[in-house]
């Protein structure tokens, strides 16, 4: 018996089209995370020589890690005036990166040297060094672990005593979000600058999912690539204040988030 292949093919194609159509209609639409705007609450002076790589607020002061070979520093800064109260210059072979405070210590990463430093927070005297296998970009502390970025879409969790890696997640907003840079832990979420972009990702550290974006594209600042881009997030957990700045920016801003609609 002669088989009618064209008819069978048409029937098969029709069934596939109907199946795909049903799936597309019945499946909920995949959407990206919501976006928040901001309002400026206060504007403060910021040293335009500071190539900001790490920023922390602790006990009334800003602690800032600055980059660039030959001019990297660790600083204690007066918030109200922008005055650098104390500064430690890193050896020329190191490029300063993210920083975090834990108790009486401050931790500072370096970019491509695979070494981090532990200092006394008051005196800036060196207490210890530790190593990590990736580049060092951002660093924050969630109360039990350090959270570190390396410019990829990954966040790494580090033991606060040994600095050993104890876990990691990949940050996703439908697709991996790479170039994660300076970090800050805010109310159970990780806020992350994305290098070269004028926005902050608000990340669930349990899942890696981006819960929201903060659009800072209209924030006054140079924001040119690759140098004076948005980078630097600090949070005052006592007074619930959020601060942002950029590399070599003249100002640091206290901002309040607001819905865009």
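Residue numbers (our numbering): -13 to 247.
Note that beta-carbon positions come from the ideal geometry of N, C-alpha and C, so glycine has one too.
Contact between the region 93 to 107 and the region 44 to 64 is present: 3 or more CB-CB pairs across the two stretches fall below 8 Å.
The beta-bridge partner set that DSSP reports for residue 134 consists of 125, 142. By alpha-carbon distance to residue 195, the top candidate from 232, 160, 151 is 160.
For the 8 Å CB-CB criterion, residue 177 and residue 183 do not form a contact. Residue 188 carries a strand assignment under DSSP once its states are collapsed to helix, strand and coil. Separation of the CB atoms of residue 95 and residue 122 is rounded to 3 Å, and the pair is thereby assigned contact status at 8 Å. Going by beta carbons, residue 78 and residue 53 fall outside the 8 Å limit. Taking the Cβ atoms as the reference, residue 126 lies roughly 14 Å from residue 136, outside the contact range of under 8 Å. Annotation for residue 229: the continuous beta strand (DSSP E) segment containing it runs 227 to 232.
The three-state reading of DSSP puts residue 167 in strand, counting E and B together. For the region 57 to 122, the continuous beta strand (DSSP E) assignments of 3+ residues that do not extend past its boundaries occur at 59 to 64, 70 to 75, 82 to 88, 91 to 96, 101 to 106, 112 to 117, in sequence order. Taking all protein chains in view, the Cβ of residue 188 is crowded by 16 or more other Cβ atoms within 10 Å, so the residue is classified as buried. By the Cβ-count criterion, residue 129 is exposed, with fewer than 16 other Cβ atoms from all chains shown falling within 10 Å of its own Cβ. CA-CA distance, residue 118 to residue 98, rounds to 10 Å. With a contact defined as Cβ atoms closer than 8 Å, residue 108 and residue 241 miss out at about 29 Å. When secondary structure is reduced to three states using DSSP, residue 162 falls in the strand class. Around the beta carbon of residue 191, 16 or more other beta carbons sit within 10 angstroms, so the residue counts as buried. The beta-carbon distance between residue 234 and residue 51, rounded to whole angstroms, is 14 Å. This is too long to meet the 8 Å contact definition. DSSP links residue 150 through a beta bridge to no other residue.
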